[in-house]
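Novice: The number in our numbering is simply the position in the sequence shown, starting from 1, with 20 added. Have a look at this one before I ask anything.
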Amino acid sequence: MWIEKYLFNPTFLQKILSFFLFPFTFLYCLIVYFKFPKKYKNMKIPIISIGNIIVGGSGKTPFSISIANKIDGGAVILRGYGRKSKGVKLISKNGEILENVEISGDEAMEIALNTKASVIVAENREEGINLAKDIGAKYIILDDGFDKGFKKLNIVIDVDIKNKFCLPSGGYRYPRSFLKYADIILKENIDFKRVVNVPKCDNCILISAISKPERLLKYVNIDKYHFFIDHYEYKKEEIEKILKDNNVKTILTTNKDYVKLKKFGFNIKVIKLNLEISDEVVDKIKEYLVKYD
């Protein structure tokens, strides 16, 4: 997709466009610097923040799932991007699903279906944290919480991309210098690795609406695929046409996409992604929780 190519791996012409946008990038960086929290509120509960400094996916959701499954008693709080609801919503409580994907958004439902943690969506994260405390959570996993002004263990998944500039000239949300605010900086294949299990799928088409969906082709040997923008809201008639045009009956997709596609009743096979986190990182997180008490 053009915008993702521009942000992460630009062509020569896109680099020229990036150059002309430098004045706006400078203004953006100034705004980010002054908006970034300088004081941190103590919410009286341990908070593990999982964040990144680039646009789009870096593994925050699977990392949150992995931690929630390793350490009992957590509540995962996220904005709930793409949901049709507003305010604070309790999506699941200790693994029991309480709302549908329209209320939760795709990422929140993915977490809810794959953990026993409670899952809360909230634009105002402080309200979400207060709800988590009310239902008895022992600790918080704050998805995409790098820039949130709470006392927390600030974990950042560092993805080094070719386009080194901040928005709108490049794919960074924050300058790389902001990594100094992280307590733990994670590198893929050093601190964690992805384990991808692809089911056998004859006469399938790969359908996905995740960030940078082309990365799936590294794991999936398939000729037919159709990608949408991140968080795309699927329409049944649209998917039916794609299946008919490609003469296939089975969809191969990700967990994040499955939570939106399953309601249509198609034959679906799901690519399973798990994160294996190093013992050293897990020990640091557990140490933080113990010391907090």
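For every residue, glycine included, the Cβ atom is placed at its ideal position computed from N, Cα and C.
I need the DSSP call for Ala95, collapsed to helix, strand or coil.
Specialist: strand
Novice: Let me check one thing: in DSSP terms, what residues is Ile140 bridge-paired to?
Specialist: Ile97, Leu110
Novice: Might you give, ordered along the chain, the residues of its own chain that have their beta carbon closer than 6 Å to the beta carbon of Thr135, omitting 5 neighbours on each side?
Specialist: Ile85, Ala88, Asn89
Novice: Does the separation of the CB atoms of Leu237 and Leu272 fall below 8 Å?
Specialist: no
Novice: According to the Cβ coordinates, are Arg193 and Ile73 closer than 8 Å?
Specialist: yes
Novice: Using beta carbons (cut-off 8 Å, strictly below), is Ala202 in contact with chain B?
Specialist: Reference to chain B is not applicable here, since this structure consists of a single protein chain.
Novice: Below 7 Å CB to CB, which residues in the same chain sit around Ala128 once its five sequence neighbours on both sides are set aside?
Specialist: Leu98, Gly100, Ile111, Val139, Val141
Novice: May I ask you to report which of helix, strand or coil DSSP gives Lys304?
Specialist: helix
Novice: Go ahead and label Thr274 buried or exposed: buried means 16 or more other beta carbons lie within 10 angstroms of its beta carbon, across all protein chains shown.
Specialist: buried
Novice: Got a sec? Which residues, its chain only, sit under 7 Å from Val218 by beta carbon, not counting five neighbours each side?
Specialist: Tyr239, Val240, Ile291
Novice: Within 10 Å of its beta-carbon, does Val216 have 16 or more other beta-carbons around it, so buried, or fewer, so exposed?
Specialist: exposed
Novice: Would you check if the distance between the CB atom of Val179 and the CB atom of Gly71 is smaller than 8 Å?
Specialist: no
Novice: In three-state terms, what does DSSP make of Ile259?
Specialist: helix
Novice: From which residue to which residue does the alpha helix (DSSP H) around Gly148 run?
Specialist: 145-154
Novice: What does the alpha-carbon distance come out to for the pair Glu296 and Pro82?
Specialist: 10 Å
Novice: With C-beta atoms as the reference, is Gly125 less than 8 Å away from Gly102?
Specialist: In this structure, Gly102 lies closer than 8 Å to Gly125 by Cβ.
Novice: Which residue comes first and which comes last in the beta strand (DSSP E) that contains Asp163?
Specialist: Asp163 -> beta strand (DSSP E) spans 159-163.
Novice: Per DSSP, Gly71 is paired with what?
Specialist: Val176
Novice: Considering only the beta carbon of each residue, do Lys172 and Leu187 sit closer than 8 Å?
Specialist: no
Novice: Hey, is the stretch 280-287 in contact with the stretch 251-263, meaning 3+ C-beta pairs nearer than 8 Å?
Specialist: yes
Novice: Between the Cα of Leu118 and the Cα atoms of Gly107, Ala132, Lys106, Ile160, which residue gives the shortest distance?
Specialist: Ala132
Novice: Buried or exposed for Gly156, please, with buried defined as at least 16 other CB atoms from any protein chain shown within 10 angstroms of its CB.
Specialist: exposed
Novice: Would the beta-carbon of Ile91 fall within 8 Å of that of Lys104?
Specialist: For the 8 Å CB-CB criterion, Ile91 and Lys104 do not form a contact.
Novice: Can you give, in chain order, each stretch of the alpha helix (DSSP H) that sits fully within the stretch 200-276 and has at least 4 residues?
Specialist: 256-265
Novice: Thinking C-alpha only, which one of Asp299, Ile65, Lys61, Pro66 is nearest Phe170?
Specialist: Nearest neighbour of Phe170 by Cα position, chosen from Asp299, Ile65, Lys61, Pro66, turns out to be Lys61.
Novice: Look up Ile87 in the DSSP assignment and say whether it is helix, strand or coil.
Specialist: helix
Novice: I'd like the list of long-range same chain contacts for Ser231, defined as Cβ closer than 7 Å, with 5 residues on each side in sequence excluded.
Specialist: Counting only Cβ-Cβ distances below 7 Å, and skipping sequence neighbours, we find Gly76, Gly77, Asp250.
Novice: CB-CB under 6 Å to Tyr245, same chain, minus the five flanking residues each way: which ones, in chain order?
Specialist: Only Leu226 meet the Cβ criterion.
Novice: If you draw a straight line from the C-alpha of Gly107 to the C-alpha of Ala202, how long is it?
Specialist: 28 Å
Novice: Between Asn183 and Phe28, is the Cβ-Cβ spacing less than 8 Å?
Specialist: yes
Novice: Whole angstroms is fine: what's the gap from Glu258's alpha carbon to Phe248's?
Specialist: 11 Å
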